[in-house]
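Protein chains in written order, with the working numbering: chain A, -10 to 120; chain B, -10 to 120; chain C, -10 to 120; chain D, -10 to 120.
What follows is a single structure, written as structure tokens, with notes after it.
4 protein chains.
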Amino acid sequence: MYFNIDPRKNTPLYEQIIHQVKEMCAKGILLPNEKLPSVRELSSQMVINPNTVSKAYQELERQGVIVTIRGRGTFISEEFHQTYDPRLVEKLKQSLKQMIIDSHYAGISKEELTEWIEKVYEEMGGNSDEN
Amino acid sequence: MYFNIDPRKNTPLYEQIIHQVKEMCAKGILLPNEKLPSVRELSSQMVINPNTVSKAYQELERQGVIVTIRGRGTFISEEFHQTYDPRLVEKLKQSLKQMIIDSHYAGISKEELTEWIEKVYEEMGGNSDEN
Amino acid sequence: MYFNIDPRKNTPLYEQIIHQVKEMCAKGILLPNEKLPSVRELSSQMVINPNTVSKAYQELERQGVIVTIRGRGTFISEEFHQTYDPRLVEKLKQSLKQMIIDSHYAGISKEELTEWIEKVYEEMGGNSDEN
Amino acid sequence: MYFNIDPRKNTPLYEQIIHQVKEMCAKGILLPNEKLPSVRELSSQMVINPNTVSKAYQELERQGVIVTIRGRGTFISEEFHQTYDPRLVEKLKQSLKQMIIDSHYAGISKEELTEWIEKVYEEMGGNSDEN
DNA sequence: GTGGTCTAGACCACC
DNA sequence: GTGGTCTAGACCACA
């Protein structure tokens, strides 16, 4: 359970936590039913405020990535939970388009980009289906 | 020159303008040396604060997408200006990774994603290489 | 005596137990004077803390649903015990209203809702009037 | 815009705000595109902390009830947004069942309950479809 | 012990 | 002016 949070980034701390948890789940580093560090534990480990961790955990629960059990802690969800929100899909589509254009301006070719994507999917391994 | 700005989105208005200008350039809708509307024109047309447009133009100029000629107006840069900032590349890589993971959670398959990408590059036409 | 407790729900465990006992009484699964499992039995069967079961039993006794006889155990009350607390009625009215509104937002029509209600009363059978 | 918040209730303040906004929308007291009081305004009017109001507004936005426009404020959504979350539906079903059983214990007959429901839907008027 | 809520007060980006 | 984020510190219910 190593988290890598950078307060200098413009992405909010709680979002960075969300991203990392989802990434670790997708990669199989965090397994279903595995216990996450408690809010207080993680917050002191990261040297950030407990509320910030709490906010991240609540959002992760809302997305179905984790479940919290009263008085016991938070755990990775048993089954992988996909959400079919059309608003979200549209948003993803938009940001993908934007990212491609930005990459174009940054001098990244289509081939390079495809290669990157391939690598991310490789890292996620078979977890894309079974998790 | 049609701008499609939505103030309800979480992306700031000035960024949306930047994105659209870059997109139109990439797609060949805006051509090198073409004149852009003035800050006042555009802001009244979009019913937004002139400062917002101004901020977008300033950032676009900083990125080398447009140039302002005092007393004449603002124009699309003559040559396509690519920036090889390694920090930017890393940032793009990160957000691409995150987007793939989010897409995974949104139930979007690798095939769908690849299809989307293909479509964006098609829209950009030959401009992706030569421009 | 099958209890269906889910620690992942936001409703506290002890409330879930209360609900289930009351439900089983209303449906006629638990009959007047029937013996309930002891606190220790039930807690080990459910793999939860004995205090939690104890709290549930205490509340059920306070509501007149069950009675504890020292040295003999706990039993379903002989007669159905209704409480005419006006504050409780008001509270129920409020939460009913809220539930209807939430259902409305969840895309549940009035017809569907009425159907659900009908089904619950059916499950409760004749017990709804006479018990 | 009158809010009626009771800190003595066990329902959290931010939930009470959420409920009231949704209720006012359903009843047609708040109309699409109408502006809500700003976070600071409402918090000082209710004599509660701005963060609490902010939390309520964020949840309402997540549910699609309101939209926030950067630097301008928050507004009732243009179109009524229904969410088809199966988890939510199941939750509503459960709490409906529980409410019926509790009503039964509180001495409320099926007829009374049905009457209550009828009254709520009347208050919502035609807004159930068009809003 | 766990997470959830609330307050007070600060800082920031955006418009 | 607007909302969004973060911190510090408090209290509470639940297990």
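Ideal placement from N, C-alpha and C gives every residue a C-beta, glycine not left out.
- Between C/Leu2 and A/Arg59, the C-beta gap is smaller than 9 Å, which places the two residues in contact.
- Contacts between C/Pro1 and chain A, judged by CB atoms closer than 8 Å, involve Arg59 in chain order.
- In the structure shown, B/Thr72 falls within a coil segment according to DSSP collapsed to helix, strand and coil.
- Sequence-distant partners of C/Gly114 (beyond 5 residues in either direction) whose C-beta falls short of 8 Å from its own C-beta, in its chain, are Lys16, Gly17.
- Residue environment analysis places B/Thr72 among the exposed positions, since fewer than 16 neighbouring C-beta atoms fall within 10 angstroms of its C-beta.
- Counting along the chain, the unbroken beta strand (DSSP E) around C/Ile65 starts and ends at 62 to 65.
- Residues of chain C with a Cβ closer than 9 Å to the Cβ of A/Val36 do not exist, since the nearest Cβ in that chain sits about 30 Å away.
- For the C-beta of B/Pro(-4), the chain D residues within less than 8 Å are, from N- to C-terminus, Ile58, Arg59, Arg61.
- In this structure, the beta-carbon distance from B/Val109 to A/Ile97 does not fall below 9 Å.
- In the DSSP assignment, B/Thr41 falls within the unbroken alpha helix (DSSP H) covering 39 to 51.
- DSSP places D/Ile55 inside the beta strand (DSSP E), whose first and last residues are 55 to 58.
- For A/Ala15, the enclosing alpha helix (DSSP H) covers residues 2 to 16.
- Straight across, the Cα-Cα distance linking D/Lys82 with D/Glu4 is about 20 Å.
- Under the three-state reduction of DSSP, D/Leu20 is assigned to coil, being neither helix nor strand.
- Non-local C-beta neighbours of D/Ser92 in its own chain, meaning closer than 6 Å and more than five positions away in sequence, comprise Leu102, ordered along the chain.
- Taking a 10 Å sphere around the C-beta of B/His70, we find fewer than 16 other C-beta atoms and assign the residue as exposed.
- In the three-state reduction of the DSSP assignment, D/Leu25 falls in the coil class, being assigned neither a helical nor a strand state.
- Sequence-distant Cβ neighbours of D/Asn38 in its own chain, meaning closer than 8 Å and more than five residues away, are Ser32.
- Under the three-state reduction of DSSP output, A/Tyr110 falls in the helix class.
- For a Cβ distance threshold of 7 Å, nothing in chain B lies close to A/Ala45: the least Cβ distance comes to about 14 Å.
- DSSP places C/Ser98 in the coil class of the three-state scheme, outside both helix and strand.
- Contact annotation: in the region 84 to 105 of chain C, residues whose CB is within less than 8 Å of a CB in chain D are Ser84, Leu85, Lys86, Gln87, Met88, Ile89, Ile90, Asp91, Ser92, His93, Tyr94, Ala95, Gly96, Ile97, Lys99, Leu102, Thr103, Trp105.
- The beta-carbon of A/Gly114 is placed no less than 9 Å from the nearest beta-carbon of chain D.
- Residues Thr63 of the same chain have their beta carbon placed closer than 6 Å to that of B/Leu25, with the five preceding and five following residues left out of the count.
- A/Val36 counts as exposed, since fewer than 16 other beta carbons sit within 10 angstroms of its beta carbon.
- In the displayed model, C/Lys(-2) falls within coil according to three-state DSSP, outside both helix and strand.
- Taking 9 Å as the cut-off, the beta carbon of A/Ile7 is found no closer than this to the beta carbon of A/Phe(-8).
- At a cut-off of 9 Å, the C-beta of A/Glu23 has no neighbouring C-beta in chain B.
- In the three-state scheme derived from DSSP, where H, G and I count as helix and E and B as strand, B/Val36 is classed as coil.
- For C/Glu12, the nearest beta carbon of chain D is closer than 9 Å to its own beta carbon.
- Taking each of B/Glu23, B/Arg(-3), B/Arg76 in turn and checking the Cα distance to B/Ser66, the smallest one comes out for B/Glu23.
- A/Leu20 counts as exposed, since fewer than 16 other beta carbons sit within 10 angstroms of its beta carbon.
- Around the C-beta of B/Glu12, 16 or more other C-beta atoms lie within 10 Å, and the residue is accordingly described as buried.
- Rounded to whole angstroms, C/Val10 and C/Glu30 show a C-alpha spacing of 15 Å.
- Cβ-Cβ distances below 6 Å link C/Lys86 to nothing in the same chain once the five nearest sequence neighbours on each side are left out.
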